[in-house]
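Remember, the numbering used here sits 280 above the position in the sequence shown when you count from 1.
Using N, Cα and C, we set each Cβ at its ideal position, and we do this for glycine too.
What follows is a single structure, written as structure tokens, with notes after it.
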Amino acid sequence: MACAVNPNGDRIYLTNEEYNLLVTIASDGTLISEKNIHVLKRNLELAQPVPSGLHVTDNGQILVCGGMSDPNAIVRVNDNGKYLATLATVVTGEDGVKSPASACYRNQYGALIVGMWNNDSIMVFTQESITPNLCGSSLKYTWANVHKAC
């Protein structure tokens, strides 16, 4: 299970790996929604939960890590309490990401930091094209300047 709070502090997001759900609750504990993350499909051969990680950006955008899902990706979703929409695939295995378990994006640095499952490395993605992908475009952007760190 992963947990994140939106910047206003009025919504709390939880992942339910068993049922592949994004659960949204109000800060007073009231259930707002339970929505299936359809784009992330469980890889039945592997035991890692799906989704495995969750991050809310400074702008309130929700990033969900797919872990060992198919596709092997981090997706940006929109939860308005009525429906869950996959707005963009942020990074995938084509970008070098393998089993993303955690993610953190900071506007001030323009960087997405990704931790992978069963791996002691992180990947840091930086480029100006990151901004349209995290700020409203549904297009897939290629990330550049990928760095591996131990």
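Since L301 and N286 should fall inside the 8 Å C-beta cutoff, what is the C-beta to C-beta distance between them, to a whole number of angstroms?
Here residue 301 refers to the residue found at position 21 of the sequence shown. Here residue 286 refers to the residue found at position 6 of the sequence shown. Their Cβ separation, rounded to whole angstroms, is 17 Å, which puts L301 and N286 out of contact at 8 Å.
In angstroms, rounded to a whole number, what distance separates the CA positions of D290 and D375?
Start at 1 with the first residue of the sequence shown, and residue 290 comes out as number 10. Start at 1 with the first residue of the sequence shown, and residue 375 comes out as number 95. If I take the Cα positions, the gap works out to 34 Å.
On a Cα-Cα basis, can you pick out the residue from I312, Y385, S332, G347 that is closest to T295?
The sequence position of residue 295 within the sequence shown is 15, counting from 1. Checking every option, the nearest Cα to that of T295 belongs to S332.
Within a Cβ cutoff of 8 Å, which residues of the same chain sit near M396, ignoring the five residues on either side of it in sequence?
Counting from one through the sequence shown, the residue named residue 396 turns up at place 116. Correct list, in chain order: V377, K378, S379, P380, A381, I402, M403.
May I ask you to report which of helix, strand or coil DSSP gives G309?
Indexing the sequence shown from 1 puts residue 309 at position 29. Correct three-state label for G309: coil.
How would you write the range of the beta strand (DSSP E) that M403 sits in, first residue to last?
Within the sequence shown, residue 403 is the residue found at index 123, counting from 1. Its beta strand (DSSP E) spans residues 402-406.
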